[in-house]
Each structure stands twice: as C-alpha cells, then as structure tokens.
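Here the structure comes first, spelled out in structure tokens, and everything after it is commentary.
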Amino acid sequence: MAETKEIKIGDYVAAKKFGPLEHDFTGEVTKVYDNSVLVEIRDYDPADKTAVGDMNNRAVVRKSAAKITGNSADKN
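Residue numbers (the working numbering): 4 to 79.
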C-alpha cells in the first residue's frame with residue numbers, strides 16, 4: 004500500500020479518541036516507528052485533561068489512524 008505522504012518528526016497530526024481519551028486530539032510527532040508514531044498531545048478537549056496528564060501528554064498512534072494537519076517547520 005502506497006501512502007500519499009509519509010509522516011515525519013515535526014508533523015502535526017489529528018488522531019481519534021482511544022483508551023482513556025473520550026475525544027479526538029491533535030499533537031506533534033516526536034518519534035516515528037515502523038507502523039506508529041509518538042505524538043506529543045497539544046490540543047485536546049478539556050474533559051480529557053486528567054487522561055492526558057496521566058499519559059504524560061503523549062500517545063502512540065497507528066500511522067494509518069494519524070492524519071497530517073501541518074508541520075512545525077513549514078519553510079519550503
């Protein structure tokens with residue numbers, strides 16, 4: 004399966020709710036694995052504040068479930 008755009012460190016992604024999170028969230032990719040990415044959660048629903056804190060503001064998200072919304076280094 005060919006991906007249209009490869010996820011890189013610094014990309015901002017949107018991800019669906021999972022586990023203790025009750026709402027979708029967005030964040031910045033800090034590490035890329037074979038099939039998933041580590042996301043530093045930046046924007047989330049206030050109702051998920053405790054869950055995000057318990058997760059140390061990080062989540063591992065499947066690449067197929069992460070949608071790129073931007074990049075922190077968009078200078079090209």
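Where is the CB? At the ideal position from N, CA and C, for every residue including glycine.
Residue i, DSSP secondary structure in three states
i, result
"Ser67", "helix"
"Gly56", "helix"
Residue range of the unbroken alpha helix (DSSP H) whose run includes residue i
i, result
"Gly30", "It is not in any alpha helix (DSSP H) - Gly30 instead sits in the beta strand (DSSP E) that spans Phe28 to Val35."
Buried versus exposed call for residue i [16 or more other C-beta atoms within 10 Å across all chains shown]
i, result
"Tyr36", "exposed"
"Val63", "exposed"
"Ala68", "exposed"
First through last residue of the beta strand (DSSP E) which encompasses residue i
i, result
"Pro44", "Correcting the residue identity first, residue 44 is Ile in this sequence and not Pro. Ser39 to Asp46 is the extent of the beta strand (DSSP E) around Ile44."
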